[in-house]
Structure formats: structure tokens, C-alpha cells
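In full-length UniProt numbering, the protein residues as written are 1 to 217.
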């Protein structure tokens with residue numbers, strides 16, 4: 001008698017997500033829409049940074065998909081500023097996935113411009129999932145400490161641009177910029193690191209230049 005063998009075939013949990021993400025990316029690209037996945041920890045100032053960026057955008061229509069576990073305070077703020085925004089509440093999930101983004105993109109009915117996707121406040125899970133974006137923007141902050149690249153390497157490794165926020169507080173916090181940059185460059189040689197302050201407006205012209213260059217490339 002032949003010996004029976006049981007073969008288990010496993011499919012990556014990322015396969016379906018990545019398949020949908022590719023379709024979203026392709027659709028946005030064909031319509032001339034540049035999408036940025038905005039990542040950062042809770043309190044890093046993701047929404048405040050987006051508001052400063054949007055204020056300085058010229059001749060580029062902005063749209064926002066706002067991700068939170070619960071509540072919609074940031075969406076209300078953006079809507080009050082005239083920014084077309086859709087809220088996603090995950091109800092506990094620590095990241096946005098591409099099916100969620102696909103539904104939100106349909107609701108926004110984007111014609112052209114730039115789409116910012118503010119991910120859940122988390123330095124781990126959002127970096128693992130493609131959601132149809134063209135670029136990943138990581139927002140870190142001096143108040144978090146200079147060890148974040150060492151503790152959360154994947155987010156820094158995957159980032160296309162790293163924004164160091166709240167730099168107006170540098171004189172008042174214990175932040176080792178050299179240590180931070182050494183950690184960043186050990187993981188990511190190419191991503192620009194731009195120091196900004198939402199209070200003073202420092203650095204945002206450089207961010208706009210980077211975005212404009214990416215859109216036109």
C-alpha cells in the first residue's frame with residue numbers, strides 16, 4: 001500500500017492585500033494621482049504636518065484618507081479647512097489595508113491631484129502593508145527620542161522621505177541628532193531627512209519641493 005502524505009499549501013496573508021494594492025496604484029497612476037502613505041507614532045503630528053503641507057501646495061488638489069482606530073476629530077478638522085477627506089475607523093486593527101483604501105478612494109471620487117493616506121498611529125504594522133501608495137512618508141519627532149530608528153527599523157527602512165517634526169523643541173529636549181541620523185542611514189541611505197516645525201513653518205518648503213519633484217517625475 002502506498003503511504004498517504006498530507007501536503008499543506010499556505011498562501012501569504014499579504015497576497016490578497018498586495019494584489020488589491022497593485023490595482024489601486026495602477027488606477028491612481030493612470031488618473032495622474034500621486035498617493036502618499038503617511039506613517040508615524042501617536043502624537044508625532046501627522047495631521048498637523050499634513051495641514052502645513054496642504055497650505056503650501058499650489059495648483060495641486062489635495063485629498064485625505066484619515067485612518068484611526070476610533071473617532072474622527074482629525075477628519076472634522078480637515079473638512080473645516082475645505083479638504084476633501086474620508087474617515088476610516090478600523091475598530092482595533094493597528095494599520096490600514098488596501099481593501100479599506102480601495103473603498104475610500106471610490107468615496108472620494110478623485111479626478112486628479114494628490115492623495116494623502118494618514119495611517120494608524122503605529123511604527124510597526126503600517127510599514128508592512130502596501131496600500132496602493134506611490135511613496136511612504138514617515139513622520140518622527142524629537143520628543144520621541146533619538147532611538148526610534150533602532151527600535152522600529154522597518155518603518156525607517158521603508159520610508160521614501162523622513163520628516164523630523166517638532167524641531168522648535170530641540171533646545172528643550174534630550175535629542176541626539178547624530179545618533180538618530182546614524183540609525184537612519186544604517187537602514188536607509190536614500191530617503192531625505194527634513195527637519196520641520198508646524199509651529200514655525202521651518203522645513204516645509206523642502207517637503208513641498210520633494211513632493212513636487214515626485215509628482216513631476
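All C-beta atoms, glycine included, are put in the ideal place defined by N, C-alpha and C.
Assignment of residue 87 by DSSP, reduced to helix, strand and coil, places it in the strand class. Proximity of the stretch 83-98 to the stretch 54-71 meets the contact definition, three or more beta-carbon pairs being nearer than 8 Å. By alpha-carbon distance to residue 206, the top candidate from 215, 199, 194, 198 is 194.
Rounded to whole angstroms, the separation of the alpha carbons of residue 171 and residue 38 is 27 Å.
The three-state secondary structure of residue 152, taken from DSSP, is coil. A straight-line Cα-Cα distance of about 6 Å links residue 22 and residue 132.
By alpha-carbon distance to residue 141, the top candidate from 128, 26, 156 is 156. Note that the C-beta distance between residue 161 and residue 135 is below 8 Å. Out of 61, 56, 51, 129, the CA that lies nearest to the CA of residue 74 is found in 51. In this structure, the beta-carbon distance from residue 176 to residue 209 does not fall below 8 Å. Counting along the chain, residue 76 sits inside the alpha helix (DSSP H) bounded by residues 73-80. Per DSSP, residue 141 is one residue of the beta strand (DSSP E) stretching across 135-141. As for any beta strand (DSSP E) of minimum length 3 sitting wholly inside the stretch 39-78, the runs are 62-68, ordered along the chain. For residue 183, the three-state secondary structure derived from DSSP is helix.
For residue 31, the closest C-alpha among the options 43, 109, 188, 181 is that of 109. In the same chain as residue 78, and ignoring 5 residues on each side of it, the C-beta atoms closer than 6 Å to its own belong to 64, 85, in chain order. The C-alpha of residue 83 is placed about 14 Å away from the C-alpha of residue 58. Between the alpha carbons of residue 168 and residue 216 lies a gap of roughly 31 Å. When rounded, the separation of the alpha-carbon atoms in residue 44 and residue 164 is 9 Å. Residue state for residue 34 is assigned as strand, using DSSP reduced to three classes. The Cβ neighbour count for residue 81, taken over all protein chains shown within 10 Å, is under 16; the residue is labelled exposed.
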